[in-house]
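Beneath this line is the structure, given in structure tokens, with notes to follow.
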Amino acid sequence: MRTYLVVIDETPESEIALRFAARRAVKTGGSVEILALIPQQEFVQWGGVMATIEEEARQRAEALVTRAAGTLLTESGLKPSITVREGDGAKVVREMIAANRDIAALVLGAAPSGPPGKLVTHFSGADAGTFSVPVMIIPGSLDVAAIDRLS
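Using the UniProt record's numbering, read the sequence shown as starting at 1 and increasing by one per residue.
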């Protein structure tokens with residue numbers, strides 16, 4: 001089954017990318033995998049403080065994917081797969097794609113102005129031609145009607 005991998009965060013452009021991926025999945029009989037990344041925390045000398053920071057980051061990420069999955073189910077009827085992982089975003093994405101042959105495309109949202117975002121910059125950069133699946137970069141300036149028309 002064709003799976004669209006969408007990396008989400010708390011930005012509006014990730015919601016746009018998720019909507020686009022959901023529409024494509026519905027039209028192609030595919031599915032959606034939602035990935036929320038937990039940034040690696042800087043070392044804190046006191047272990048208890050570090051554990052609290054890491055737990056709060058995990059809880060935020062889990063709340064984010066739960067909310068996104070609910071929106072996806074309500075709007076498209078799709079029940080997505082959900083992954084929450086800690087680490088370097090580009091490395092985690094590559095590992096997920098290598099581990100799941102059903103992933104047919106990586107869908108990322110680009111900021112509507114300014115720098116497009118860390119993952120968009122990485123996956124559209126110098127080694128973009130060596131990536132194993134297509135990368136769909138969805139402009140953050142698109143509105144719901146445009147996404148529905150284009151997908």
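Glycine residues also receive a C-beta, built at the ideal position from the N, C-alpha and C atoms. These numbers were taken from a predicted model, which means no experiment stands behind them.
For Glu86, the uninterrupted beta strand (DSSP E) segment begins and ends at 81–86. Distance from Val32 to Val6 at the Cβ level is roughly 6 Å; contact confirmed, criterion being Cβ atoms closer than 8 Å. One Cα belongs to Glu62, the other to Leu142, and the distance between them is close to 26 Å. When secondary structure is reduced to three states using DSSP, Ser14 falls in the helix class. In this structure the stretch 70–77 does not lie against the stretch 90–100, because fewer than three pairs of beta carbons, one per stretch, are closer than 8 Å.
In terms of Cα proximity to Ala90, the closest of Ser76, Ala145, Ile147, Lys118 is Lys118. Taking the CA atoms as reference points, Ala104 sits about 11 Å from Met136. Our two residues, Arg60 and Asp9, have alpha carbons roughly 10 Å apart in a direct line. Rounded to the nearest angstrom, the gap between the Cα atoms of Arg2 and Leu106 is 11 Å.
Closest by C-alpha distance to Val93, out of Gly77, Leu78, Pro134, Pro115, is Pro134.
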